[in-house]
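If you count by our numbering, then the sequence shown holds residues 8 to 456, one letter each, in order.
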Amino acid sequence: MFPSKALILGLGKSGRCAAQLLCSKGVEVLAVDENPRLEVGGLLAQGAKICLGPLPDGFWEGAQVAILSPGWPPHSPSCQQATQHGLPLWGEIELAFRCLPKGTGPLLGITGTNGKSTTTALLGHLLSQARSPVFVGGNLGRPLTEACAQVFAAHAVELSSYQLETLHEAAFLGACWLNLTEDHLARYGTMEAYEKAKLHIFERPPPGAYAVLNADEPRLWGHAAALKEKGRALWGFSLEKEKPEGVEGWARRAEGGAELYTPQGKWFFPLNNRSLRGRHNTANAMAALCMAHAYGIPPPALAQGLSTFEGLPHRLEWIRTLDGVEWINDSKATNVDSTLVALQAVDAPLWLIAGGRGKGASYQPLINASRKKVLGVLTVGEDAPLLAEAFAGEVDTLDCGTLREAVLRARHLATPGQVVLLSPACASQDQFENFEERGNLFRQYVEAL
(Lines of atoms letter the chains of each structure in order from A and count residues from 1; the text may use other names and numbers.)
(Lines give C-alpha, C1' and ligand atoms only; values in the text may rest on other atoms or scores of the structure.)
Protein backbone atom coordinates (compact mmCIF):
# COMPACT_ATOMS: atom_id res chain seq x y z
CA MET A 1 0.00 0.00 0.00
CA PHE A 2 1.33 3.43 -0.95
CA PRO A 3 1.22 5.92 1.95
CA SER A 4 -1.06 8.93 2.09
CA LYS A 5 1.11 10.50 4.81
CA ALA A 6 4.87 10.05 5.19
CA LEU A 7 7.60 11.14 7.58
CA ILE A 8 10.93 12.15 5.99
CA LEU A 9 13.98 11.83 8.27
CA GLY A 10 16.80 13.95 6.87
CA LEU A 11 16.65 16.61 4.16
CA GLY A 12 19.89 16.07 2.31
CA LYS A 13 19.77 15.55 -1.45
CA SER A 14 17.96 12.20 -1.32
CA GLY A 15 15.58 13.34 1.42
CA ARG A 16 14.64 16.46 -0.50
CA CYS A 17 14.03 14.49 -3.68
CA ALA A 18 11.92 12.00 -1.77
CA ALA A 19 9.87 14.83 -0.25
CA GLN A 20 9.38 16.51 -3.62
CA LEU A 21 8.26 13.25 -5.23
CA LEU A 22 5.76 12.52 -2.47
CA CYS A 23 4.38 16.06 -2.56
CA SER A 24 3.91 15.76 -6.33
CA LYS A 25 1.83 12.62 -5.73
CA GLY A 26 -0.41 14.35 -3.23
CA VAL A 27 1.09 12.63 -0.19
CA GLU A 28 1.04 14.63 3.05
CA VAL A 29 4.72 15.10 3.93
CA LEU A 30 6.19 15.62 7.39
CA ALA A 31 9.94 16.27 7.24
CA VAL A 32 12.58 16.52 9.97
CA ASP A 33 16.21 17.65 9.82
CA GLU A 34 18.53 18.47 12.69
CA ASN A 35 20.12 21.45 10.90
CA PRO A 36 18.25 24.54 12.17
CA ARG A 37 19.66 26.72 9.35
CA LEU A 38 18.55 24.52 6.46
CA GLU A 39 16.82 26.34 3.60
CA VAL A 40 13.43 24.67 3.14
CA GLY A 41 11.33 27.36 1.47
CA GLY A 42 10.79 25.31 -1.67
CA LEU A 43 9.44 22.32 0.21
CA LEU A 44 7.18 24.50 2.33
CA ALA A 45 5.76 25.98 -0.86
CA GLN A 46 4.94 22.43 -2.04
CA GLY A 47 2.97 21.83 1.14
CA ALA A 48 5.44 19.91 3.28
CA LYS A 49 5.33 20.36 7.05
CA ILE A 50 8.92 20.71 8.31
CA CYS A 51 10.60 20.55 11.71
CA LEU A 52 14.23 21.69 11.96
CA GLY A 53 15.62 20.16 15.14
CA PRO A 54 14.86 17.06 17.24
CA LEU A 55 11.76 15.09 16.34
CA PRO A 56 9.01 16.43 18.64
CA ASP A 57 6.48 14.15 20.26
CA GLY A 58 3.45 13.59 18.09
CA PHE A 59 4.95 15.14 14.95
CA TRP A 60 4.65 11.82 13.11
CA GLU A 61 1.01 11.32 14.04
CA GLY A 62 -0.88 9.73 11.18
CA ALA A 63 2.24 8.88 9.16
CA GLN A 64 2.27 5.41 7.60
CA VAL A 65 5.95 5.19 6.69
CA ALA A 66 9.26 6.87 7.55
CA ILE A 67 11.62 7.67 4.65
CA LEU A 68 15.17 7.51 5.99
CA SER A 69 18.06 9.46 4.46
CA PRO A 70 21.20 7.32 4.01
CA GLY A 71 23.28 9.32 6.49
CA TRP A 72 20.63 9.10 9.21
CA PRO A 73 21.56 6.11 11.44
CA PRO A 74 18.74 3.63 12.13
CA HIS A 75 19.74 3.66 15.81
CA SER A 76 19.22 7.44 16.12
CA PRO A 77 16.55 8.63 18.58
CA SER A 78 14.31 9.82 15.74
CA CYS A 79 14.39 6.43 14.02
CA GLN A 80 13.76 4.64 17.27
CA GLN A 81 10.77 6.89 17.94
CA ALA A 82 9.41 6.16 14.47
CA THR A 83 9.83 2.40 14.71
CA GLN A 84 8.39 2.32 18.24
CA HIS A 85 5.23 3.79 16.75
CA GLY A 86 5.11 1.06 14.10
CA LEU A 87 6.38 3.01 11.09
CA PRO A 88 8.29 0.90 8.55
CA LEU A 89 11.61 2.45 7.48
CA TRP A 90 12.04 2.96 3.74
CA GLY A 91 15.02 4.50 2.03
CA GLU A 92 14.88 6.80 -0.98
CA ILE A 93 15.78 3.81 -3.21
CA GLU A 94 12.79 1.83 -1.93
CA LEU A 95 10.48 4.81 -2.47
CA ALA A 96 11.78 5.32 -6.01
CA PHE A 97 11.33 1.65 -6.89
CA ARG A 98 7.66 1.86 -5.91
CA CYS A 99 7.18 5.01 -8.01
CA LEU A 100 9.03 4.09 -11.23
CA PRO A 101 6.71 4.45 -14.24
CA LYS A 102 5.19 1.45 -15.93
CA GLY A 103 7.34 0.11 -18.76
CA THR A 104 10.62 1.47 -17.43
CA GLY A 105 13.75 -0.68 -17.71
CA PRO A 106 15.34 -2.81 -14.98
CA LEU A 107 17.56 -1.76 -12.12
CA LEU A 108 21.21 -2.83 -12.33
CA GLY A 109 22.89 -2.28 -8.95
CA ILE A 110 26.53 -1.92 -7.92
CA THR A 111 27.82 -2.05 -4.37
CA GLY A 112 31.18 -2.45 -2.64
CA THR A 113 33.43 -0.55 -0.27
CA ASN A 114 35.52 0.98 -3.06
CA GLY A 115 35.09 1.58 -6.78
CA LYS A 116 31.28 1.85 -6.80
CA SER A 117 31.09 5.25 -8.46
CA THR A 118 33.53 4.55 -11.29
CA THR A 119 31.98 1.14 -12.01
CA THR A 120 28.44 2.54 -11.98
CA ALA A 121 29.36 5.42 -14.27
CA LEU A 122 31.18 3.04 -16.62
CA LEU A 123 28.24 0.63 -16.61
CA GLY A 124 25.90 3.47 -17.53
CA HIS A 125 28.24 4.49 -20.35
CA LEU A 126 28.44 0.91 -21.67
CA LEU A 127 24.67 0.53 -21.55
CA SER A 128 24.21 3.81 -23.42
CA GLN A 129 26.15 2.47 -26.40
CA ALA A 130 23.18 0.23 -27.24
CA ARG A 131 20.25 1.44 -25.11
CA SER A 132 18.68 4.88 -24.70
CA PRO A 133 17.98 6.63 -22.45
CA VAL A 134 19.95 5.25 -19.49
CA PHE A 135 19.66 6.55 -15.92
CA VAL A 136 22.88 6.69 -13.89
CA GLY A 137 22.67 7.58 -10.22
CA GLY A 138 21.69 6.32 -6.78
CA ASN A 139 24.51 6.99 -4.35
CA LEU A 140 26.29 8.53 -7.34
CA GLY A 141 25.03 12.08 -7.77
CA ARG A 142 21.39 11.70 -8.87
CA PRO A 143 18.88 10.22 -6.44
CA LEU A 144 16.92 7.37 -8.00
CA THR A 145 13.68 9.28 -7.38
CA GLU A 146 14.72 11.53 -10.30
CA ALA A 147 14.16 8.52 -12.57
CA CYS A 148 10.45 8.49 -11.70
CA ALA A 149 9.66 11.32 -14.11
CA GLN A 150 10.27 9.34 -17.33
CA VAL A 151 10.77 5.88 -18.79
CA PHE A 152 14.40 4.72 -19.04
CA ALA A 153 15.73 1.73 -20.94
CA ALA A 154 17.86 0.73 -17.93
CA HIS A 155 19.09 2.13 -14.62
CA ALA A 156 22.71 1.87 -13.42
CA VAL A 157 22.44 2.41 -9.68
CA GLU A 158 25.24 2.84 -7.14
CA LEU A 159 24.21 1.52 -3.73
CA SER A 160 25.83 2.13 -0.36
CA SER A 161 25.28 -0.24 2.53
CA TYR A 162 23.19 2.50 4.16
CA GLN A 163 20.82 2.50 1.18
CA LEU A 164 20.67 -1.29 1.10
CA GLU A 165 19.58 -1.48 4.74
CA THR A 166 16.14 -0.04 3.98
CA LEU A 167 15.08 -2.14 0.97
CA HIS A 168 11.82 -4.10 1.25
CA GLU A 169 10.45 -4.69 -2.24
CA ALA A 170 13.12 -3.13 -4.48
CA ALA A 171 14.71 -5.75 -6.73
CA PHE A 172 17.74 -5.62 -9.01
CA LEU A 173 17.93 -7.63 -12.23
CA GLY A 174 21.72 -7.37 -12.18
CA ALA A 175 23.55 -7.04 -8.86
CA CYS A 176 27.31 -6.58 -8.52
CA TRP A 177 29.45 -6.73 -5.37
CA LEU A 178 32.93 -5.32 -5.98
CA ASN A 179 34.80 -5.72 -2.68
CA LEU A 180 34.56 -5.53 1.10
CA THR A 181 37.08 -3.81 3.36
CA GLU A 182 36.82 -2.31 6.82
CA ASP A 183 34.58 0.74 6.71
CA HIS A 184 31.59 2.20 8.56
CA LEU A 185 32.35 0.07 11.62
CA ALA A 186 31.18 2.90 13.87
CA ARG A 187 27.72 2.23 12.42
CA TYR A 188 27.82 -1.56 12.10
CA GLY A 189 30.10 -2.61 14.92
CA THR A 190 31.40 -5.71 13.12
CA MET A 191 32.44 -6.71 9.63
CA GLU A 192 29.76 -9.41 9.73
CA ALA A 193 27.03 -6.80 10.17
CA TYR A 194 28.51 -4.66 7.38
CA GLU A 195 28.68 -7.71 5.11
CA LYS A 196 25.06 -8.59 5.89
CA ALA A 197 23.95 -5.10 4.81
CA LYS A 198 25.75 -5.50 1.47
CA LEU A 199 24.03 -8.84 0.81
CA HIS A 200 20.64 -7.10 0.62
CA ILE A 201 21.42 -6.17 -2.99
CA PHE A 202 20.84 -9.79 -4.05
CA GLU A 203 17.45 -10.29 -2.40
CA ARG A 204 14.18 -10.80 -4.32
CA PRO A 205 15.77 -11.80 -7.66
CA PRO A 206 13.36 -11.20 -10.57
CA PRO A 207 13.20 -13.61 -13.54
CA GLY A 208 16.49 -13.57 -15.44
CA ALA A 209 18.43 -12.13 -12.50
CA TYR A 210 22.20 -12.42 -12.34
CA ALA A 211 24.95 -11.69 -9.83
CA VAL A 212 28.47 -10.42 -10.53
CA LEU A 213 31.09 -11.15 -7.86
CA ASN A 214 34.77 -10.37 -7.38
CA ALA A 215 36.37 -13.82 -7.31
CA ASP A 216 39.61 -12.42 -5.87
CA GLU A 217 37.85 -11.80 -2.56
CA PRO A 218 37.12 -15.09 -0.77
CA ARG A 219 34.61 -13.44 1.54
CA LEU A 220 32.52 -12.39 -1.46
CA TRP A 221 33.01 -15.52 -3.56
CA GLY A 222 31.92 -17.57 -0.57
CA HIS A 223 28.36 -16.45 -1.28
CA ALA A 224 28.42 -17.66 -4.92
CA ALA A 225 26.72 -21.01 -4.38
CA ALA A 226 23.96 -19.54 -2.23
CA LEU A 227 23.21 -16.84 -4.82
CA LYS A 228 22.87 -19.48 -7.55
CA GLU A 229 20.52 -21.49 -5.34
CA LYS A 230 18.37 -18.40 -4.87
CA GLY A 231 17.92 -18.00 -8.61
CA ARG A 232 20.70 -15.73 -9.87
CA ALA A 233 22.95 -16.67 -12.77
CA LEU A 234 26.55 -16.30 -11.59
CA TRP A 235 29.16 -14.11 -13.28
CA GLY A 236 32.63 -13.50 -11.88
CA PHE A 237 35.74 -11.46 -12.53
CA SER A 238 39.34 -11.84 -11.43
CA LEU A 239 42.70 -10.22 -12.00
CA GLU A 240 44.45 -13.60 -11.99
CA LYS A 241 42.15 -16.62 -11.80
CA GLU A 242 41.01 -18.83 -14.65
CA LYS A 243 37.31 -19.37 -15.32
CA PRO A 244 35.92 -21.98 -12.91
CA GLU A 245 33.10 -24.42 -13.52
CA GLY A 246 29.55 -23.40 -12.79
CA VAL A 247 29.63 -19.75 -13.86
CA GLU A 248 27.61 -18.22 -16.65
CA GLY A 249 30.28 -15.67 -17.57
CA TRP A 250 33.78 -14.65 -16.52
CA ALA A 251 36.14 -11.70 -17.01
CA ARG A 252 39.88 -11.98 -16.49
CA ARG A 253 42.77 -9.56 -16.85
CA ALA A 254 44.93 -10.16 -19.91
CA GLU A 255 47.97 -8.43 -21.34
CA GLY A 256 46.84 -4.92 -22.29
CA GLY A 257 43.24 -5.43 -21.34
CA ALA A 258 40.64 -7.99 -20.28
CA GLU A 259 39.12 -11.17 -21.66
CA LEU A 260 35.41 -11.89 -21.36
CA TYR A 261 34.17 -15.49 -21.47
CA THR A 262 30.46 -16.13 -22.13
CA PRO A 263 28.38 -19.04 -23.43
CA GLN A 264 28.50 -17.35 -26.85
CA GLY A 265 32.30 -17.08 -27.02
CA LYS A 266 35.39 -15.23 -25.85
CA TRP A 267 36.31 -11.60 -26.51
CA PHE A 268 39.34 -9.42 -25.76
CA PHE A 269 38.89 -5.76 -24.81
CA PRO A 270 41.87 -3.36 -24.77
CA LEU A 271 42.10 -1.17 -21.66
CA ASN A 272 44.29 1.68 -22.88
CA ASN A 273 41.94 4.47 -21.79
CA ARG A 274 43.84 6.56 -19.22
CA SER A 275 40.57 7.06 -17.32
CA LEU A 276 40.83 3.34 -16.50
CA ARG A 277 44.47 3.22 -15.43
CA GLY A 278 45.55 0.92 -12.60
CA ARG A 279 44.72 -2.59 -11.43
CA HIS A 280 41.73 -1.37 -9.45
CA ASN A 281 40.19 0.14 -12.58
CA THR A 282 40.88 -3.05 -14.51
CA ALA A 283 38.76 -4.81 -11.89
CA ASN A 284 36.10 -2.09 -12.13
CA ALA A 285 36.06 -2.40 -15.93
CA MET A 286 35.70 -6.18 -15.79
CA ALA A 287 32.79 -5.86 -13.37
CA ALA A 288 31.07 -3.36 -15.66
CA LEU A 289 31.70 -5.59 -18.69
CA CYS A 290 30.05 -8.54 -16.95
CA MET A 291 27.08 -6.44 -15.81
CA ALA A 292 26.52 -4.91 -19.25
CA HIS A 293 27.00 -8.06 -21.32
CA ALA A 294 24.84 -10.17 -19.01
CA TYR A 295 22.13 -7.59 -19.63
CA GLY A 296 22.58 -7.96 -23.38
CA ILE A 297 25.00 -5.28 -24.59
CA PRO A 298 26.96 -6.73 -27.56
CA PRO A 299 30.80 -6.82 -27.59
CA PRO A 300 31.30 -4.10 -30.26
CA ALA A 301 29.30 -1.64 -28.16
CA LEU A 302 31.26 -2.65 -25.06
CA ALA A 303 34.56 -1.99 -26.84
CA GLN A 304 33.34 1.41 -28.01
CA GLY A 305 32.22 2.31 -24.51
CA LEU A 306 35.51 1.32 -22.89
CA SER A 307 37.50 3.48 -25.31
CA THR A 308 35.31 6.58 -24.90
CA PHE A 309 34.67 6.56 -21.14
CA GLU A 310 35.83 9.88 -19.69
CA GLY A 311 35.99 8.82 -16.04
CA LEU A 312 34.70 10.69 -13.01
CA PRO A 313 35.98 13.95 -11.54
CA HIS A 314 38.36 13.68 -8.60
CA ARG A 315 39.15 9.99 -9.15
CA LEU A 316 42.58 9.75 -10.80
CA GLU A 317 41.33 12.51 -13.09
CA TRP A 318 43.87 13.69 -15.64
CA ILE A 319 43.98 17.50 -15.58
CA ARG A 320 46.72 18.38 -18.05
CA THR A 321 50.25 17.65 -19.19
CA LEU A 322 52.40 20.77 -18.84
CA ASP A 323 56.02 20.82 -20.05
CA GLY A 324 56.08 17.03 -19.93
CA VAL A 325 54.64 16.81 -16.40
CA GLU A 326 51.30 15.08 -15.92
CA TRP A 327 48.93 16.50 -13.27
CA ILE A 328 46.35 14.15 -11.73
CA ASN A 329 43.45 14.99 -9.40
CA ASP A 330 42.54 12.19 -6.97
CA SER A 331 40.85 14.35 -4.35
CA LYS A 332 38.31 11.57 -3.73
CA ALA A 333 41.11 9.65 -1.95
CA THR A 334 40.01 10.58 1.56
CA ASN A 335 41.67 7.62 3.29
CA VAL A 336 44.95 5.74 3.22
CA ASP A 337 43.61 2.76 1.25
CA SER A 338 42.42 5.00 -1.57
CA THR A 339 45.79 6.72 -1.83
CA LEU A 340 47.50 3.33 -1.92
CA VAL A 341 45.38 2.46 -4.95
CA ALA A 342 46.43 5.71 -6.63
CA LEU A 343 50.11 5.10 -5.97
CA GLN A 344 49.81 1.64 -7.50
CA ALA A 345 47.99 3.02 -10.54
CA VAL A 346 50.63 5.62 -11.50
CA ASP A 347 53.73 4.09 -13.09
CA ALA A 348 55.91 7.20 -13.44
CA PRO A 349 57.99 8.88 -10.70
CA LEU A 350 55.73 11.28 -8.87
CA TRP A 351 55.36 14.12 -6.41
CA LEU A 352 52.56 13.42 -3.95
CA ILE A 353 50.33 16.15 -2.51
CA ALA A 354 48.76 14.75 0.65
CA GLY A 355 47.18 15.85 3.90
CA GLY A 356 44.04 17.28 5.38
CA ARG A 357 41.96 15.99 8.24
CA GLY A 358 43.19 12.49 8.98
CA LYS A 359 40.98 9.60 10.01
CA GLY A 360 43.30 8.08 12.58
CA ALA A 361 44.71 5.36 10.33
CA SER A 362 48.44 4.66 10.18
CA TYR A 363 50.32 6.24 7.29
CA GLN A 364 52.91 3.43 7.30
CA PRO A 365 51.37 1.65 4.26
CA LEU A 366 52.01 4.81 2.23
CA ILE A 367 55.69 4.75 3.12
CA ASN A 368 56.04 1.18 1.86
CA ALA A 369 54.23 2.01 -1.39
CA SER A 370 56.25 5.19 -1.94
CA ARG A 371 59.71 3.65 -2.06
CA LYS A 372 61.35 3.95 -5.51
CA LYS A 373 58.32 5.86 -6.81
CA VAL A 374 57.53 8.99 -4.76
CA LEU A 375 60.13 11.73 -5.21
CA GLY A 376 58.71 13.87 -2.39
CA VAL A 377 55.54 14.56 -0.41
CA LEU A 378 54.08 18.06 -0.35
CA THR A 379 51.94 18.19 2.78
CA VAL A 380 48.90 20.35 3.48
CA GLY A 381 46.32 20.73 6.24
CA GLU A 382 45.91 19.45 9.78
CA ASP A 383 47.74 16.15 9.39
CA ALA A 384 50.84 17.63 7.72
CA PRO A 385 52.97 17.11 10.88
CA LEU A 386 51.87 13.49 11.18
CA LEU A 387 52.68 12.82 7.53
CA ALA A 388 56.09 14.44 7.93
CA GLU A 389 56.74 12.29 11.00
CA ALA A 390 55.66 9.13 9.21
CA PHE A 391 57.82 9.77 6.12
CA ALA A 392 60.88 10.94 8.11
CA GLY A 393 64.02 9.18 6.92
CA GLU A 394 62.23 7.61 3.96
CA VAL A 395 60.93 10.35 1.64
CA ASP A 396 61.51 14.10 1.81
CA THR A 397 58.48 16.16 2.81
CA LEU A 398 57.72 19.84 2.28
CA ASP A 399 55.18 21.55 4.52
CA CYS A 400 53.17 23.70 2.10
CA GLY A 401 50.25 24.59 4.34
CA THR A 402 47.76 25.22 1.56
CA LEU A 403 46.86 23.41 -1.63
CA ARG A 404 47.69 26.42 -3.77
CA GLU A 405 51.20 26.61 -2.31
CA ALA A 406 51.67 22.88 -2.90
CA VAL A 407 50.75 23.29 -6.57
CA LEU A 408 53.19 26.20 -6.97
CA ARG A 409 56.03 24.25 -5.36
CA ALA A 410 55.30 21.16 -7.42
CA ARG A 411 55.46 23.26 -10.58
CA HIS A 412 59.09 24.10 -9.82
CA LEU A 413 60.06 20.64 -8.60
CA ALA A 414 58.59 18.32 -11.23
CA THR A 415 60.50 17.62 -14.44
CA PRO A 416 59.43 16.05 -17.76
CA GLY A 417 58.32 12.44 -17.43
CA GLN A 418 57.17 12.91 -13.85
CA VAL A 419 53.67 13.19 -12.33
CA VAL A 420 52.15 15.48 -9.73
CA LEU A 421 49.44 13.55 -7.92
CA LEU A 422 46.90 15.04 -5.53
CA SER A 423 45.82 12.02 -3.47
CA PRO A 424 45.39 13.36 0.07
CA ALA A 425 44.70 10.18 2.13
CA CYS A 426 42.67 12.54 4.35
CA ALA A 427 39.27 14.15 4.53
CA SER A 428 38.98 17.73 3.29
CA GLN A 429 36.90 19.47 5.94
CA ASP A 430 39.83 21.19 7.65
CA GLN A 431 40.19 23.60 4.71
CA PHE A 432 37.35 22.80 2.27
CA GLU A 433 33.64 22.07 2.25
CA ASN A 434 34.19 18.63 0.72
CA PHE A 435 36.53 16.67 -1.54
CA GLU A 436 34.80 18.11 -4.62
CA GLU A 437 35.72 21.67 -3.65
CA ARG A 438 39.29 20.55 -2.96
CA GLY A 439 39.54 18.86 -6.35
CA ASN A 440 37.93 21.74 -8.22
CA LEU A 441 40.38 24.22 -6.71
CA PHE A 442 43.27 21.93 -7.55
CA ARG A 443 42.08 21.89 -11.16
CA GLN A 444 41.81 25.69 -11.19
CA TYR A 445 45.31 26.14 -9.75
CA VAL A 446 46.82 23.68 -12.24
CA GLU A 447 45.01 25.16 -15.24
CA ALA A 448 46.28 28.62 -14.22
CA LEU A 449 49.96 27.57 -14.32
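Glycine residues also receive a C-beta, built at the ideal position from the N, C-alpha and C atoms.
Each residue's CA atom was taken as its position, placing A231 and K250 some 14 Å apart. The alpha carbon of A455 has as its nearest neighbour, out of T328, A434, F276 and Q136, the alpha carbon of T328. Sequence-distant partners of E401 (beyond 5 residues in either direction) whose C-beta falls short of 6 Å from its own C-beta, in its chain, are I374.
Between L75 and Y201, the alpha-carbon positions lie close to 18 Å from each other. A check of alpha carbon separations from P61 across V72, I15 and W97 identifies I15 as the nearest. Within the same chain, and ignoring the five residues on either side of Q436 in sequence, the residues whose Cβ sits closer than 6 Å to its Cβ are R364.
DSSP, reduced to helix, strand and coil, places R286 within a helical segment of the structure shown. When DSSP reads this structure, Y452 sits in no beta bridge, so it has no partner. According to DSSP, H162 shares a beta bridge with L114 and F142.
Between V36 and A55, the C-beta gap is smaller than 8 Å, which places the two residues in contact. When the Cα atoms are used, K109 and V158 turn out to be separated by approximately 8 Å. About 7 Å separates the Cβ atoms of L296 and F276, confirming a contact at the 8 Å cut-off. DSSP lists L14 and K56 as the beta-bridge partner residues of L37. Residues G112, L134, R138, S139, P140 and V141 of the same chain have their beta carbon placed closer than 8 Å to that of A160, with the five preceding and five following residues left out of the count.
Take the alpha-carbon of L350 and the one of A308: they are about 31 Å apart.
DSSP, reduced to helix, strand and coil, places Y370 outside both helices and strands of the structure shown, so it counts as coil.
Cβ atoms of G144 and L166 stay farther apart than 8 Å, at about 11 Å. Here V348 is near G285, since their CB atoms are less than 8 Å apart. Counting along the chain, the unbroken alpha helix (DSSP H) around S21 starts and ends at K20 to S31.
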